[in-house]
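Numbering (the UniProt record's numbering), first residue to last: 1 to 370.
All C-beta atoms, glycine included, are put in the ideal place defined by N, C-alpha and C.
Below you'll find the structure, written out as structure tokens, and then a few comments.
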Amino acid sequence: MHSRRRVLGYDCMKAFAMLMVILLHSPGYTLDFPRNTVVGDLVIALTRVCVPLFFLVNGALLLTEPLDWHKDVRRMARTVVFMEIWRVIYAVGFGIFGDSRFGVWDLTLFLLGNNVLGRNPVGHFWFLNALVAVYVMLPVTKYVFSAADRKVSDWFGILLVTFTMILPSAKLVLSMFSTWTGRDIQGLIDPLEGFGVFGGCANALAYAFVGGLVARGVAGLGKADRAWRLGVKWKVCMSAGIILCWAATYGIAVYQARVPVSVDYNLMLPVAALAVLLFVLFLPLRLPSGAARAVTVLGSNTFGVYMLHIPVLCMVWLVAKHGVRLPVSTPSWAALVVDFLLVVAVFLLCAAITRLCARIPVLGRIFTFR
């Protein structure tokens, strides 16, 4: 079996998404991130595309492979095993070094998939749960995706997007009108939730499926002798769309701050559209050989970076806790720049550790996810 040629655009998207993950998590563990400024909130709004981008790339890679039942089952089993190994590593680490203690029952629930372990920061394990859910559905999803009649895959995609993105987005918009009018307008679409046929991780499956559809569509635009590329007009239009979706995501964040409401940004249409536009924009990326190699190294080590970034951020937080932090008089823009540089440093450090640990026989596989 021939190995698939790496797509630079995918590695670039994964590296960008991983950087956004660390930036999103950094306010809780590092400097006094300037959230209450327009620039700070705009940056946080952009970070919301991190999870959608990851699953779009996963779907593009997985669904365009031929259907192979045994390979897909092995991939699912490997994901579960790696996830449990990392849960044990985190439990041991926080059991020794963590400030928050936990009992045997808490540990048991954590190992079974719960994303709470005392007050220790393990919430990011939900991503692995969602990844397992995508892999569990992968054989069925591939079968639908590769159906001879494209209407089957199109209809499945419409159902996924409708119940995981359009409906939650519509509820948020109607809740805004309910706030302004004092009437329960949101209740008009509440009955539609009774027709939902997908579970809590369906948004991950939806992004993966859309990623596969987009990758298949883009592949059809290319020619045998050259890859598909975006024209200038398309780039301008997509850039305008990215700005609009980014602004809409920022608007949701402003509304959430003013009216206490729980918002899952992964379910919001502006975030989904922003991620898809970035996905298409990045896909035909071309870089000089040196830059391309660097991006490939970063993009191929994102799983290890994801699992390491929280412990590293916790260590940075401990350093900041003992007085190594910016003065109160520091301008918000300067704090933003410093925090971003710190995030880049954390990313590069985690990538370097991952690359070194990946060379360890057998054990190195938990860092590379391969």
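Simplified DSSP assignment, three categories, for residue i
i: L117; result: strand
i: A334; result: helix
i: I360; result: coil
i: T64; result: coil
i: M315; result: helix
i: T37; result: coil
i: S169; result: helix
i: I366; result: helix
i: R216; result: helix
i: D225; result: Per-residue confidence for D225 stands at a pLDDT of 39, beneath the threshold of 50, marking its modelled position as unreliable; the derived number appears in the next sentence. Three-state result, D225: coil.
i: S262; result: coil
i: L42; result: helix
i: S175; result: helix
i: L341; result: helix
i: L349; result: helix
i: I310; result: helix
i: residue 371; result: Because the chain here runs from 1 to 370, residue 371 falls outside it and cannot be looked at.
i: L285; result: coil
i: C50; result: helix
i: I189; result: coil
i: G182; result: coil
Unbroken alpha helix (DSSP H) run spanning residue i, endpoints
i: R74; result: W69 to F97
i: A248; result: V232 to R258
i: I22; result: L8 to H25
i: V295; result: S289 to G299
i: T164; result: Counting along the chain, T164 falls outside any alpha helix (DSSP H), and DSSP gives it neither H nor E.
i: P270; result: L269 to F282
i: D106; result: V104 to L111
Other residues of its chain near residue i: CB distance less than 8 Å, five sequence neighbours each side excluded
i: V132; result: M76, T79, V80 and M83
i: R370; result: none
i: G93; result: P311
i: I189; result: L167, A170, K171 and L174
i: residue 371; result: Here the chain has residues from 1 to 370 only, and residue 371 is not among them.
i: G118; result: F94, G98, S100, R101, F102 and D106
i: D225; result: Its pLDDT being 39, under 50, D225 is placed unreliably by the model, and nothing is read from it.
i: S239; result: L281
Spatial neighbours of residue i in its chain, beta-carbon cut-off 6 Å, leaving aside the 5 residues before and after
i: F282; result: G9, C12 and M13
i: M20; result: T47 and C50
i: C357; result: G364 and F367
i: L23; result: T47 and V343
i: A17; result: C50, L53 and F54
Chain-order list of residues whose beta-carbon lies under 7 Å from that of residue i (same chain, five-residue window excluded)
i: G123; result: N115
i: V263; result: L172, I252 and Q256
i: T30; result: Below a pLDDT of 50, predicted positions are generally treated as unreliable, and T30, at 49, falls in that range; the measurement from the model is reported next regardless. Closer than 7 Å at Cβ, skipping near neighbours: L313, V316, W317, A320, D339 and L342.
i: A206; result: L160, V161, T164 and M165
i: V259; result: T179
Original post:
Can you give, in chain order, each stretch of the alpha helix (DSSP H) that sits fully within the segment 124-158 and has at least 4 residues?
Top reply: 126-136 and 138-145
Original post:
Should the segment 272-291 be called in touch with the segment 302-318, which here means at least 3 C-beta pairs below 8 Å?
Top reply: no
**OP:** Report yes or no: do the segment 145-163 and the segment 207-217 share at least 3 C-beta pairs separated by less than 8 Å?
**Re:** yes
Original post:
Taking contact to mean at least 3 C-beta pairs separated by less than 8 Å, is the segment 99-115 in contact with the segment 84-91?
Top reply: yes
Original post:
Would you say the segment 270-277 touches the segment 237-250, given that touching needs at least three Cβ pairs under 8 Å?
Top reply: yes
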